[in-house]
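Residue numbers (the UniProt record's numbering), protein chains in the order written: chain A, 1 to 343; chain B, 1 to 668. Note that the Cβ used here is the ideal one computed from N, Cα and C, for glycine as well. As the structure is a prediction and not an experimental result, all values here were calculated from the model.
In structure tokens form, the structure reads like this:
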């Protein structure tokens, strides 16, 4: 994993209250709850450290009030962090002037909002081309690009509709198209599917994965739904009371939760949907008769029918196709029964 | 914040009971007390302590008009410049709608281009109505303007319309500018808020005098007064509309890379447009409300007709011209409301007014020219034919006469009974309250509902009224206003509750209230004076009718807004219909009822001053006398006193509404 880092955030604090900045500057080394309370301050984000790598889907997961929305707004510089540093493509985001920020947002960032935040007086086409419009892109050009985006999210025939005439799912598709029209390097999605019905939500998640397969954006995705996080994320940051409790891949979270709090979430997640073959395979691949080959990144649940049909073991291949281990029916059964994982 | 009252007064009921008993005792025995102690200061504010505020203001105005200057130009030149700035477009508009464009003066005038013909104006407005509101609106608007033509009100109506057409854009743009400034800078907003409060609570009559001083008698003064009166709500609406744009839209705009200016003009204002249109509607309605009053300082048109008719006691003429104002008000109100709504349901076939305003303009120009040419051939097209004018003046005269002959006894009995058993005792109570106790009691009340800050404010405002030697007049105003508000809520709230529960009742009542609210306040006086002649009773009736609307509307709103699940929970618990109303709906509607009461008081106070024309003896009369004597200081001081009463009532009731909302958990 040596992908380059797109956004690097170190020691980030967002504290609300009188003279927060002054207070923090004085005692960054050790801030505790009582000291904050004494100064009538509330910390929405506490000492957040994270690195977003190019091309990954980074999910920030937390319940309401955990500070995830505040954190993402600090990262997109919609609000100014009280302390800490954010470097985006090597540039210091916190020290930027408003003018520079406008430039960054126009060219390099896109954001999708929980309640869509579409402009009620504009049509779908006008909404999607709005970010280009404010940059002063010519009408013909911006409409061509906006149409591309509308096609991409599958709303081709609704270009002239107004937001109020669309369903929630359709509105969010418009929101997605709008956030992508500037071809952003970093794509923020703030609980994009939380306001939708469960069925639509599932459909939109698939849609999102399909888009990402095509576009390979760097994504920061906010959600309060752990299952959604597990489904979509390359890596997850779990937040509680403004603090990042753990940053890990979905599999690591499930197999080795850092705290009881994280474990509480993972309890209801079927482990077979998260654990990859590479984690449970018997290492080494002796010569012999195998029923077939499986990629190491497959999840247990994906292969259970196939493996269960025969008593013979399967070979597990790594990214390059080299055999690195084996799995068999017995192994899968023991995982599914929830028995202790190997090692 | 914790205030420590003696234990017995902790419970609100006991506190208010205590306050009322003290007030009643002091009011009843203040005269005896004064006789016994020989202390005249008890009932009369010592004249040695009185401020000379009115004198100062008057001399300041004189200085301003006669001597003040800014170096390069004098103050008088400034007002002349402003006056010219307003007069030019007004004259053009008036020529276009009513008088025609002439060159030369008087006898030697040569008509260059005639005024728009009545056919053209009616046609264009009907087309506009068709575009924004569909066929029924077109019928209504067409009917209204045909009424103006057939009943011989056309010429006056067009003069009035011309002044509205100038006052409204200035009011809207001014409101927009001030509203945006207030939104951008919190400091400006803080500075502006008390000024707006005062502008909305000081009665119109009070600032007619200074305007008269600055701009002279004539249509310009009338326009300035109209704009000052109609603009403050627009400022507030703009501010509220901008502030209530949801936060995610701000964020979306910023993430799209909007500059602050793009943010304002591309995101905030357009998405706040429906609310802004409500403000525009307000400006139109308030401008119309001013039509009659503005004619006191020189506006011509319908307002002048009504005023002149009232002065001649020409009942029929007054009603006819008054009806014409009402008709214009209804037409303009519905038109501007349709603009607000048509945003959400664009009329496909005629939607072009919205998307291509230029096309409408071209059509308008063509129709105007065509009609002007046709008018040369057939004069009927240019001016509605004189012989076909109908008049209803006679009819109204007869109706009033008939009612007075047949029902005189009944009216008289009701009037006397109410006066003797209700109005006079209440009056005696209020007038008897010694000024010193009044100040203390208001201070205590403010303290109780919100805290020391409000208590001090209430006491200070009451003190200022007393210090200007207006305590007695103020108390008469409070009595008249209080009695009227009591009656208005006693009628309005039950009706509102009814409308809140029954869809059909709501339909009828809300149409009625909407219509009543579009009437300029002055119009209410006409029939009431005809039936009850002059006096406090007449004033009260007019105030009650005028001020009832918000009580009704807020009550209906409060009932309808209750979470239906709570009502279902009540039903499931086995409440009867009445229990549901008394135990669940009414308690939950209390904040709404209080807000309605607040609005009722504000309307009552604004009407109070107008009823000075029918012979009351309160602050309103004081203001009106100042107007007739052109005494700036007296008018402004009495006007401020009315404003102070309004502010005290508003702050106390708002605090009550807020705390009751908090108690019910309705505050987010």
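If you measure between the beta carbons of residue i and residue j, is that distance less than 8 angstroms?
{"i": "residue 300 of chain A", "j": "residue 275 of chain A", "result": "yes"}
{"i": "residue 238 of chain B", "j": "residue 170 of chain B", "result": "no"}
{"i": "residue 186 of chain A", "j": "residue 218 of chain A", "result": "yes"}
{"i": "residue 312 of chain A", "j": "residue 289 of chain A", "result": "yes"}
{"i": "residue 239 of chain A", "j": "residue 61 of chain A", "result": "yes"}
{"i": "residue 448 of chain B", "j": "residue 513 of chain B", "result": "no"}
{"i": "residue 443 of chain B", "j": "residue 459 of chain B", "result": "yes"}
Am I right that residue i and residue j are in contact with their C-beta atoms under 8 angstroms? What's the rounded C-beta distance?
{"i": "residue 178 of chain A", "j": "residue 128 of chain A", "result": "5 angstroms"}
{"i": "residue 476 of chain B", "j": "residue 431 of chain B", "result": "6 angstroms"}
{"i": "residue 163 of chain A", "j": "residue 174 of chain A", "result": "7 angstroms"}
{"i": "residue 221 of chain A", "j": "residue 265 of chain A", "result": "In fact, because the Cβ distance is near 16 angstroms, the residues do not count as touching under 8 angstroms."}
{"i": "residue 466 of chain B", "j": "residue 439 of chain B", "result": "7 angstroms"}
{"i": "residue 125 of chain B", "j": "residue 145 of chain B", "result": "6 angstroms"}
{"i": "residue 678 of chain B", "j": "residue 664 of chain B", "result": "Here chain B covers residues 1 to 668 and nothing more, so residue 678 of chain B does not appear."}
{"i": "residue 598 of chain B", "j": "residue 51 of chain B", "result": "Contact flag wrong, Cβ pair sits at about 29 angstroms."}
{"i": "residue 233 of chain B", "j": "residue 166 of chain B", "result": "With a Cβ gap of about 18 angstroms, residue 233 of chain B and residue 166 of chain B do not count as contacting."}
{"i": "residue 528 of chain B", "j": "residue 538 of chain B", "result": "5 angstroms"}
{"i": "residue 641 of chain B", "j": "residue 635 of chain B", "result": "Not really, about 11 angstroms apart at Cβ, beyond 8 angstroms."}
If we count the other Cβ atoms within 10 Å of its Cβ and call it buried at 16 or more, is residue i buried or exposed?
{"i": "residue 346 of chain B", "result": "Any answer about residue 346 of chain B is weak, because its pLDDT of 46 lies below 50 and its placement is not dependable; what the coordinates show is given next. Exposed, since its Cβ has fewer than 16 Cβ neighbours within 10 Å."}
{"i": "residue 206 of chain A", "result": "exposed"}
{"i": "residue 54 of chain B", "result": "buried"}
{"i": "residue 342 of chain A", "result": "For residue 342 of chain A, the pLDDT reaches just 43, beneath the cut-off of 50, and the residue's location in the model is therefore unreliable, leaving the point undetermined."}
{"i": "residue 277 of chain A", "result": "buried"}
{"i": "residue 349 of chain B", "result": "Residue confidence is low: residue 349 of chain B scores 48 on pLDDT, short of 50, so the model does not pin down where it sits. No coordinate-derived value is stated."}
{"i": "residue 243 of chain B", "result": "exposed"}
{"i": "residue 651 of chain B", "result": "buried"}
{"i": "residue 623 of chain B", "result": "buried"}
{"i": "residue 207 of chain B", "result": "buried"}
{"i": "residue 12 of chain B", "result": "exposed"}
{"i": "residue 82 of chain A", "result": "buried"}
{"i": "residue 246 of chain B", "result": "exposed"}
In terms of residue numbering, what span does the alpha helix (DSSP H) encompassing residue i cover?
{"i": "residue 634 of chain B", "result": "632 to 663"}
{"i": "residue 499 of chain B", "result": "471 to 501"}
{"i": "residue 11 of chain A", "result": "Premise fails: residue 11 of chain A lies in the beta strand (DSSP E), 5 to 16, not in any alpha helix (DSSP H)."}
{"i": "residue 159 of chain B", "result": "154 to 184"}
{"i": "residue 589 of chain B", "result": "586 to 610"}
{"i": "residue 103 of chain B", "result": "Counting along the chain, residue 103 of chain B falls outside any alpha helix (DSSP H), though it belongs to the beta strand (DSSP E) covering 101 to 103."}
{"i": "residue 407 of chain B", "result": "393 to 418"}
{"i": "residue 84 of chain A", "result": "Careful: residue 84 of chain A lies outside any alpha helix (DSSP H), inside the beta strand (DSSP E) at 83 to 88."}
{"i": "residue 239 of chain B", "result": "219 to 243"}
{"i": "residue 145 of chain A", "result": "139 to 152"}
Taking residue i as the query, report the chain A residues whose CB atoms sit under 7 angstroms from its CB, ordered along the chain.
{"i": "residue 271 of chain B", "result": "119, 120 and 121"}
{"i": "residue 503 of chain B", "result": "Residues of chain A passing the Cβ test: none, with the nearest at roughly 25 angstroms."}
{"i": "residue 262 of chain B", "result": "134"}
List the residues of chain A whose Cβ lies closer than 9 angstroms to the Cβ of residue i, in chain order.
{"i": "residue 248 of chain B", "result": "113, 114, 115, 116, 117 and 190"}
{"i": "residue 251 of chain B", "result": "73, 76, 78, 111, 113, 117 and 190"}
{"i": "residue 565 of chain B", "result": "Within 9 angstroms Cβ-Cβ: nothing; residue 565 of chain B doesn't reach chain A, min ~21 angstroms."}
Using the beta-carbon of each residue, which ones in chain B are nearer than 7 angstroms to residue i?
{"i": "residue 130 of chain A", "result": "256"}
{"i": "residue 109 of chain A", "result": "255"}
Starting from residue i and walking both ways along the beta strand (DSSP E), at which residues does that stretch end?
{"i": "residue 113 of chain B", "result": "110 to 113"}
{"i": "residue 240 of chain A", "result": "235 to 240"}
{"i": "residue 437 of chain B", "result": "Residue 437 of chain B -> not in any beta strand (DSSP E); alpha helix (DSSP H) instead, spanning 435 to 449."}
{"i": "residue 187 of chain A", "result": "186 to 190"}
{"i": "residue 77 of chain A", "result": "Element bounds for residue 77 of chain A: n/a, residue is neither H nor E."}
{"i": "residue 271 of chain A", "result": "Where residue 271 of chain A is concerned, there is no enclosing beta strand (DSSP E), given that its DSSP letter is neither H nor E."}
{"i": "residue 293 of chain A", "result": "293 to 295"}
So, is the C-beta of residue i closer than 8 angstroms to a C-beta in chain C?
{"i": "residue 174 of chain A", "result": "Of the protein chains in this structure, namely A and B, none is chain C."}
Using a cut-off of 8 angstroms between C-beta atoms, extract the partners of residue i located in chain A.
{"i": "residue 259 of chain B", "result": "102 and 134"}
{"i": "residue 267 of chain B", "result": "119"}
Which bits of chain B does residue i rub up against, with CB to CB less than 8 angstroms?
{"i": "residue 105 of chain A", "result": "254, 255, 256 and 257"}
Should residue i be listed as close to the ligand MN, given that the test is whether its C-beta is under 7 angstroms from any heavy atom?
{"i": "residue 464 of chain B", "result": "For the structure depicted, the ligand MN is absent and the ligand set is empty, with no information on it obtainable."}
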